[in-house]
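I have placed the structure first, in the form of structure tokens, so that the comments after it can refer back to it.
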Amino acid sequence: MIHKNHGNIAILCSGGDVSGMNAALKHFVEYALLCGLKPYFVYNGFEGLIDDEIQEASYKDVHGIIARGGTMIGSARSKRFLEAAYRQKAKENLDKQHIDKLIVLGGDGSFRGMDLFYKEHAIAFAGVPATIDNDIVGTEYCLGVDTALSVIKSALDNIRDTASSFKRAFVVETMGRECGYLALVSALTSGAELCLIPEVSYDLKEYEQSFQKELAQGRGYFLAVVSEGIKEESIMIAKWFEKKIGIEARVDVLGHIQRGGNPAVRDRLMAYQFVHFAIDGLLGGQNDAIVCYNNGYLNYKSIKEVANIQYQLDSTLVDLFFQNRP
Ligand code: F6P
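Structural data, given as structure tokens:
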């Protein structure tokens, strides 16, 4: 059913790109048009909003993009958007195109910026959590996480082949900033012997006896998954394996391969659901909401419930790995 004209709406990507953003852009264009909204892309995040990189979008812009990682409209981490004068410029650019609704795919920093923007200039917005770090309070899932976990899983499976062939320890470093979610889930799902994350304090000494014993009893290799946010450098942990456990060790920092790649099914589906809910919310009078996912359902949360609070890892996942370990 085609609805009456509901005005103009824009979408932008902010912060680290994630796989699934393109699926979100595709559904944004298609669903907006179906709802009687004229869709616009803002290229290059808030930077593009300030620099007037705003263009009307149509079906031809989103053909064939669902299977591509990253974002075809670009993303950025904008410092300028923190300044009121640049937000004023952004507002003028939106006014030129009569856009009064904006969807932002990004993290809590981007949502905080939008909250300010809404309060100053009454541009209604809906935030869609999108970060591989999965560190946004109030939502159990952020777009891109499943693809990142799949990439890490493939990397760990490949590394295990060499680890077992060479009788080595591998220290594999994942992204995640201060959040250990990627490392923890990857350690659990790859059967790693060691997992170090910022949320759980550790003392390598406490692993020495058991690891030495396991090696003497025939363990062929060790996989250690460590988060980039821990206090030690990965290279120090590899040295510890060599000196204290007595096994040759290597380090692999997975880096940005974790952010890209063919989007997993879950990310394509979540992209559609997040955007659908965001547009429905904006049309239904939600002006300043973050679309969250909890217990299998989407819901709207206020910025207060999402930003400025420290994300806590699910304690059952933490226990699953760390219970009965040193
Ligand atoms: O927030 C996503 C993330 O990939 C983090 O896991 C990582 O620490 C950071 O971005 C890397 O940022 P950049 O791409 O700017 O180097």
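With this note's numbering as the guide, the letters of the sequence shown map in order to residues 6 to 331. Idealized CB from N, CA, C, for every residue including glycine. Source: prediction; values computed, not measured.
### Message
According to DSSP, is Lys244 part of a helix, a strand, or is it coil?
### Response
DSSP places Lys244 in helix when its eight states are reduced to three.
### Query
From which residue to which residue does the alpha helix (DSSP H) around Asp324 run?
Start and end: 320-327.
### Query
Just how far apart, CA to CA, sit Ser215 and Ile250?
Spanning the two alpha carbons is a distance of roughly 9 Å.
### Task
Have a look at Ile157, Leu189, Lys210, Ala294 and flag the residue whose alpha-carbon is nearest the alpha-carbon of Thr321.
For the residues Ile157, Leu189, Lys210, Ala294, the minimum Cα distance to Thr321 belongs to Leu189.
### Query
Any chance the CB of Gly330 is under 7 Å from a heavy atom of ligand 1?
A small correction: the amino acid at residue 330 is Arg; Gly does not occupy that position in the sequence shown. Distance from the C-beta of Arg330 to the nearest heavy atom of ligand 1 is not below 7 Å.
### Message
At a threshold of 7 Å, does Glu61 count as lining ligand 1 (C-beta to nearest heavy atom)?
### Response
No heavy atom of ligand 1 is found nearer than 7 Å to the CB of Glu61.
### Residue closest to Met119, alpha-carbon to alpha-carbon, out of Gly50, Ser170, Ala160
Taking only the C-alpha atoms, the option nearest Met119 is Gly50.
### Query
With a cut-off of 8 Å, do at least 3 Cβ pairs link the region 139-146 to the region 290-305?
With a cut-off of 8 Å, the region 290-305 and the region 139-146 count as touching, because enough Cβ pairs lie within range.
### Task
Ignore the nearest five residues each way along the sequence and tell me which others in Ile55's own chain have a CB closer than 6 Å to its CB.
Once the five neighbours on either side are set aside, the close Cβ partners of Ile55 are Arg85, Tyr91, Lys94, Ala95.
### Task
Determine the extent of the beta strand (DSSP E) in which Asn304 is found, giving its start and end residues.
302-307 is the extent of the beta strand (DSSP E) around Asn304.
### Task
Please work out which residues of its chain come closer than 7 Å, Cβ to Cβ, to Asn292, disregarding the five sequence neighbours upstream and downstream, and give them in chain order.
Same-chain partners within the cutoff: Tyr123, Ala129.
### Task
Report yes if the CB atom of Ala243 is closer than 8 Å to the CB atom of Val256, and no otherwise.
With respect to Val256, Ala243 sits close: the two C-beta atoms are nearer than 8 Å.
### Query
Between Val133, Asp105, Met77, which lies nearest to Arg117 when the distance is taken from Cα to Cα?
Of the candidates Val133, Asp105, Met77, the one whose C-alpha sits nearest the C-alpha of Arg117 is Val133.
### Query
Looking at Glu61 and Lys43, is the spacing between their C-beta atoms short of 8 Å?
Contact flag set, yes.
### DSSP bridge partner residues for Cys297 (one or two, in chain order)
BP columns for Cys297 point to Asn304.
### Message
For Gly21 and Arg273, which I take to be in contact (beta-carbon distance under 8 Å), what is that distance rounded to the nearest angstrom?
### Response
Cβ-Cβ separation between Gly21 and Arg273: approximately 19 Å, too far for a contact (criterion under 8 Å).
### Query
Which of helix, strand or coil does DSSP assign to Glu213?
It is helical.
### Task
Verify the contact flag: Met26, CB atom, against every heavy atom of ligand 1, threshold strictly below 7 Å.
No heavy atom of ligand 1 is found nearer than 7 Å to the CB of Met26.
### Query
Going by the beta-carbon positions, is the gap between Ala197 and Ala229 smaller than 8 Å?
Closer than 8 Å, so yes.
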